[in-house]
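Undergrad: Here you go, one structure.
Residue numbers (the working numbering): 5 to 117.
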């Protein structure tokens, strides 16, 4: 159980970051100079990069994982207004909340032992 609680939130976070990064590649289909495409690609990958940075920072600190992924859930929900559309809320926001809950479960499971 301990290994599942350790790996599951981290693997989901990495999976979400990869999933969001795929959408950044649509920038290259637009007619624009390569430099502008790279700027657009960089801007579109900011959410993925932030998820990966938080996952790296909180790799061994489950309390901070719970806290930071909850903050990221709130930030993405309100900044991108995912609460207006059920599909975007389920795809973008809910996985972050699920990751935060898994980190919380891991924290209390380890603390209890």
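Glycine residues also receive a C-beta, built at the ideal position from the N, C-alpha and C atoms.
In terms of alpha-carbon separation, which member of 111, 72, 116 and 77 lies closest to residue 99?
TA: For residue 99, the nearest C-alpha among the options comes from 77.
Undergrad: Can you give the beta carbon distance from residue 24 to residue 51, rounded, assuming they're within the 8 Å contact cut?
TA: Going by Cβ atoms, the distance from residue 24 to residue 51 rounds to 5 Å, so yes, they are a contact pair.
Undergrad: Which stretch, first to last residue, makes up the alpha helix (DSSP H) that contains residue 16?
TA: Its alpha helix (DSSP H) spans residues 6-28.
Undergrad: Would you kindly check if the distance between the Cβ of residue 106 and the Cβ of residue 9 is under 8 Å?
TA: Yes; because the gap between Cβ atoms is below 8 Å, this pair is in contact.
Undergrad: Note down the Cα distance separating residue 7 from residue 13, rounded to an integer number of angstroms.
TA: Roughly 11 Å between the two C-alpha positions.
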